[in-house]
Amino acid sequence: MQLLGGRYELTAPLGRGGMGEVWEAVDRQLERRVAVKLLTNEAIMRRPDPSELVRRFAREAELTAGLQHPGVPAVHDAGSTEDGLFLVMELVDGCTVADLVAEQGPLPVAWAAAIAAQVCSVLAIAHGRSLVHRDIKPQNLMVTRDGTVKVLDFGVATVLDAVGVVRITRTGETVGTPAYMAPEQLRSERATPRTDLYALGCVLYEILAGKPVFTATSPHALSYKHLEEDPAPLHRADVPLPLEDLVRRLLAKDPRQRPGDAREVYERLLVFVQGVHPLGDVDPALSMSTGMQLHARVLVRLAGADRRVPLAHSVSPSGPPPMPAGFAPFVTSPSIPSQGPAHMPDLGPPPPWEPRMARRGFGWKLGHSLWMVPTLAFGFLTWLSFLYIGVRHRRRAWLITAALYGVSTVASGAFIVTTTDEKGVTSTPAALFWLALFLGGVMHAAGVNPGRLRLRAHLDARDSRPAAP
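Heads up: the sequence shown begins at 2 in my numbering, then just goes up one per residue.
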């Protein structure tokens, strides 16, 4: 095994990128697992400007070490060997947001808001130190098993000063990832904190839609779309209108039309972080026993957690909404009031984006309940009802339900056919099977219908919303 600096034993490769290789390693002096980023002499010499790559690598070590934030991996050490440079960092046990979306598809609203809010908490601190990340993308965001988000790769960050920008790269060089670059980046103009907000908008859109905001067959075509085309609507009925408006503002071509700063976006996202459930292997409940969470809860209470903040009934697009009385524990901040307890407290009135079903007339409710007719009329067509609403609302759970009812229907039919005697009399077990399937489908559909009506209300509100100026 290779030993760096006389103490770091490389054990397994974790990845490779433009800034070198990343390895899992063991610090033999302190007996702990770490991540080691390597920039080998071979990789340096392959670049047209080796000194620029070395400078950027050293800059990453300096900038990351200077950011004291739970959302930024801690830097433990840096050094050089005869084979190149190395950077020793905290080992993050988790997966990238890109992998999470690839595995889960579009994420629930609460999860999307929680991930984006944590990124904002890092950007707020970085921007406060005059740092612009310039490469926010799903591949640079790690989600740990307790839901904590870590922002990686500050190697392409730039430094702001009172006058403008002190460039880390050569004048006119475009730095970043084209799929997440703001229009001003693509024009090689100066990067500002709002440049990072555009990239965050691209990430948030991708998390909610399950696909990038723009796709193209070439970098030039992709750049054109970021410069000239408007993003397609999200087409998700469960996305609150204020959240969709926030995504639209983040993706504004003109930086002046984007939110003012990361703290504003953070405040606006917190209101949507409610009722978060485990997502695959990621479970926020795991954070309740960590030292960081226990420590943070005390700080939150010291900052005024006992003052309950009422939930407003409206969200103004021109400013951040007030924070609800409770939110997921892993996005709390000492500067934001919270209830603090481990359980989710009573959130009071329904959120402002929830449609008021009482305002809908009987005819509207009846018309949008007709999807249940196949279930009510024929016990063998329950699958058709759930297939319709599953396709209509792109809900995977309802599509799976339709498939299960379809299989049960085929099994019930086969049972009836094989147990019917010569006189046409069906056996009692077969009849009971069909009856249970029919009654169960009716009760299931009746239980699902209120949620279906709420989704229809979201669609109606979205279709009737006036166009943005």
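Note that beta-carbon positions come from the ideal geometry of N, C-alpha and C, so glycine has one too.
**Buried or exposed (CB count within 10 angstroms, at least 16 for buried), R457** = buried
**Prompt:** Of all the CB atoms in chain C, is at least one closer than 8 Å to the CB of R397?
**Reply:** Checking the listed chains, one finds no chain C in this structure; it contains a single protein chain.
**Message:** Going by DSSP, what residue range makes up the alpha helix (DSSP H) through F387?
**Reply:** T383 to H394
**Request:** Taking A180 and F215 to be in contact with their CB atoms under 8 Å, please state how far apart those CB atoms are, rounded to whole angstroms.
**Result:** 7 Å
**Request:** Sort L39, D239 and D100 by Cα distance to K212 and report the nearest one.
**Result:** D100
**Request:** Pick helix, strand or coil for V374, following the three-state DSSP scheme.
**Result:** helix
**Request:** Could you check how far apart the C-beta atoms of L142 and V133 are, in whole angstroms? I think they sit under 8 Å.
**Result:** Actually they do not touch by this definition, with Cβ atoms about 16 Å apart.
**Request:** In angstroms with no decimal places, state the Cα-to-Cα distance between P325 and V272.
**Result:** Legend: pLDDT at P325 = 37, less than 50; position of this residue unreliable, no value from coordinates given.
**Asked** Any idea what DSSP makes of H227, helix, strand or coil?
**Response** helix
**Item:** For R195, the nearest candidate out of I208, L228 and L124 (CA to CA)
**Value:** L124
**Message:** Excluding the 5 residues flanking A36 on each side, which residues of the same chain have their C-beta closer than 8 Å to its C-beta?
**Reply:** L15, V23, W24, E25, A26, P74, V89, M90, E91, L92 and V93
**Item:** G129, enclosing alpha helix (DSSP H) - first and last residue
**Value:** V110 to G129
**Message:** So V204 and V283 are supposed to be a Cβ contact under 8 Å. How far apart are they, rounded?
**Reply:** So it is not a contact: roughly 17 Å between Cβ atoms.
**Request:** At 3 residues or longer, and completely inside the segment 174 to 251: list those beta strand (DSSP E) runs for me, N to C.
**Result:** none
**Asked** To the nearest whole angstrom, what separates the beta carbons of F387 and Y406, a pair I think is in contact under 8 Å?
**Response** 6 Å
**Prompt:** Between E104 and T421, what straight-line distance do the alpha-carbon atoms span, to the nearest angstrom?
**Reply:** 46 Å
**Request:** Could you pull out every residue in the same chain whose Cβ sits closer than 8 Å to the Cβ of Q258, ignoring the five residues on either side in sequence?
**Result:** R250
**Asked** What residue from G425, Y389, V418 and A415 has the CA that sits closest to N450's CA?
**Response** Y389
**Message:** Within a Cβ cutoff of 6 Å, which residues of the same chain sit near H70, ignoring the five residues on either side of it in sequence?
**Reply:** V123 and I126
**Prompt:** Distance, Cα to Cα, P234 vs S413?
**Reply:** 42 Å
**Prompt:** Can you give the beta carbon distance from V443 to T376, rounded, assuming they're within the 8 Å contact cut?
**Reply:** 6 Å
**Prompt:** Identify the residues that DSSP records as bridge partners of F87: which are they?
**Reply:** L39 and G80
**Request:** Confirm, please, whether the CB-CB distance from R135 to A192 is below 8 Å.
**Result:** yes
**Item:** Option nearest L5 by Cα separation, candidates Q294, K366, V120 and E83
**Value:** E83
**Item:** Where L201 falls, given that 16 or more other Cβ within 10 Å makes a residue buried
**Value:** buried
**Asked** L31 to R8, Cα distance in whole Å?
**Response** 9 Å
**Request:** Quick one: grab the DSSP three-state call for V151.
**Result:** For the record, residue 151 in the displayed sequence is Lys; it is not Val. Strand, per DSSP.
**Message:** With three or more beta-carbon pairs closer than 8 Å as the criterion, would you say the segment 105 to 123 touches the segment 274 to 281?
**Reply:** yes
**Message:** On the CB-based measure, 16 or more other CB atoms within 10 Å of its CB, does D255 come out buried or exposed?
**Reply:** exposed
**Request:** Going by CA-CA distance only, name the one from R395, F439 and G281 that's closest to R453.
**Result:** R395
**Prompt:** Opposite D28 in the DSSP bridges: which residues?
**Reply:** Y9 and R33
**Asked** Per DSSP, G95 forms a beta bridge with which residues?
**Response** T145
**Status (buried if at least 16 other CB within 10 Å, exposed otherwise) for D50** = exposed
**Request:** Return the residue from the list P285, A114 and L270 that minimises the CA-CA distance to R146.
**Result:** P285
**Message:** Could you pull the DSSP bridge partners for L433 from this structure?
**Reply:** Note: L433 sits in no beta bridge, so no partner.
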